[in-house]
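S.K.: In terms of UniProt numbering, the numbers along the sequence shown are unbroken and rise by one, the last being 321.
Note that beta-carbon positions come from the ideal geometry of N, C-alpha and C, so glycine has one too.
First the structure, which I've put down as structure tokens, then a few questions once you've had a look.
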Amino acid sequence: MSPHHRRPALLAALVAPVLALSACASTSGDDGKVHALASFYPLQMVLEEVGGDRVDVDSLTPPGAEPHDVELSPAQVAALDAADLVVLQSGFQPSVDDAVAQTSPEHVVDAADRADLDSAATHDDGHAEDGHSDDEHADDEHADDGHDHDGLDPHFWLDPTRLAALAGPVADALSDIDPDGAATYRANADALVDRLTALDEEYAAALASCERRVLVTSHEAFGYLADRYGLEQVGISGIDPEAEPSPARLREVGDVVRDEGVTTIFFETLASPKVAQTLAADLGVEAAVLDPIEGVTDDSQDYFSIAEANLDALRVALSCS
Ligand SMILES: [Zn+2]
């Protein structure tokens with residue numbers, strides 16, 4: 001139950017001075033568990049899976065909140081300072097970056113260092129090879145983004161193989177904090193990588209043979225997914241889900257929908273679906289949910305169940321056999 005607190009009291013007294021010198025061991029809570037914070041849901045999922053029973057995980061982004069523009073309370077900043085481990089993605093949530101800079105937690109895993117992020121423009125360059133003409137305009141929109149993630153597309157977790165790359169570093173960090181759990185963390189990380197690899201293989205097989213490959217989305221969160229499975233994303237609102245598309249952009253997307261025979265415009269649940277739903281109604285096509293898995297609104301859902309629902313929606317919209 002409490003792996004850190006199995007030592008007899010006398011031994012604990014003898015080793016206490018040593019522990020006091022070790023910053024890593026000094027912040028564990030009274031329950032003997034490692035206390036870890038994730039900055040938003042997909043990182044939380046990795047922490048929970050790798051940490052298992054030995055780790056208590058909280059998220060800085062409340063369930064159901066949209067993570068791009070999360071604002072931290074003073075209590076959350078204090079929790080960051082007290083956490084044994086923080087898993088975050090620098091460049092994605094400015095208030096989290098600011099809080100980490102103020103508090104300097106002992107152990108930080110930065111997904112941005114692990115995920116091999118692409119610039120949003122790199123996704124678009126891939127599209128240009130397919131002969132579509134939306135690319136320059138997409139770049140203009142990214143330049144207008146309130147905080148444009150240094151020009152990088154943050155949504156790496158929608159490619160399961162990129163999310164899998166975080167499991168090992170999280171296991172290593174937890175093992176530094178709680179060496180007794182090292183074998184458990186390693187086994188849990190391996191199991192998570194196996195599940196994500198199987199999900200990737202399922203996506204690749206299901207999307208290998210589709211009548212259409214253009215994916216029209218409200219918020220441009222699916223660039224890594226599109227790259228991985230040979231699809232082409234055309235976003236209405238750009239990387240920032242709150243950005244308002246211009247009338248010119250809406251006309252361009254309408255042209256793509258007509259030219260490519262697109263049957264479905266995707267919207268999402270956390271950001272406002274209205275622009276995508278209105279455009280779909282105007283063009284006489286379907287509107288359907290494609291979830292960027294930035295947060296979970298329903299406790300019965302998790303990363304894997306949402307990824308399966310997304311795959312079902314993609315197969316229908318793209319007429320995959
Ligand atoms: Zn997003």
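Is glutamine 76 helix, strand or coil by DSSP?
M.R.: Looking at glutamine 76 - three-state DSSP - the assignment turns out to be helix.
S.K.: What's the C-alpha gap between proline 63 and cysteine 210?
M.R.: About 34 Å.
S.K.: Indicate the three-state DSSP secondary structure (helix, strand or coil) for threonine 61 in the structure shown.
M.R.: DSSP places threonine 61 in coil when its eight states are reduced to three.
S.K.: Buried or exposed: where does valine 316 fall if 16 or more other Cβ atoms within 10 Å of its Cβ makes it buried?
M.R.: Classification of valine 316: exposed, given that the 10 Å Cβ count is below 16.
S.K.: Leucine 85 and leucine 196 look like a contact to me (Cβ under 8 Å); what is the Cβ gap, rounded to whole Å?
M.R.: Contact flag wrong, Cβ pair sits at about 21 Å.
S.K.: How many Å lie between histidine 68 and alanine 183 at the Cα?
M.R.: Each residue's alpha carbon lies about 34 Å from the other.
S.K.: By how many angstroms is the C-alpha of glycine 295 removed from the C-alpha of leucine 270?
M.R.: Distance between the alpha carbons of leucine 270 and glycine 295: 8 Å.
S.K.: Between which residues of its own chain and serine 228 is the CB-CB distance below 6 Å, once the five residues before and five after are set aside?
M.R.: Just to set this straight, residue 228 is arginine in the shown sequence, not serine. Cβ within range, chain order: Asp159.
S.K.: Taking just the CA atoms, how far does serine 305 sit from serine 104?
M.R.: Roughly 35 Å between the two C-alpha positions.
S.K.: Should tyrosine 185 be flagged as near chain B, meaning a C-beta pair shorter than 9 Å?
M.R.: In summary, chain B is missing from the structure at hand, where a single protein chain is found.
S.K.: Please indicate yes or no: does the CB of proline 154 lie closer than 8 Å to some heavy atom of ligand 1?
M.R.: Under cutoff, so the answer is yes.
S.K.: Under 8 Å: do the segment 40-55 and the segment 163-182 share three or more Cβ pairs, one atom per stretch?
M.R.: Contact holds: three or more Cβ-Cβ distances are below 8 Å.
S.K.: Using 8 Å as the cut-off, classify the Cβ of glutamate 260 as near or not near the heavy atoms of ligand 1, replying yes or no.
M.R.: Flag unset: Cβ of glutamate 260 not near ligand 1.
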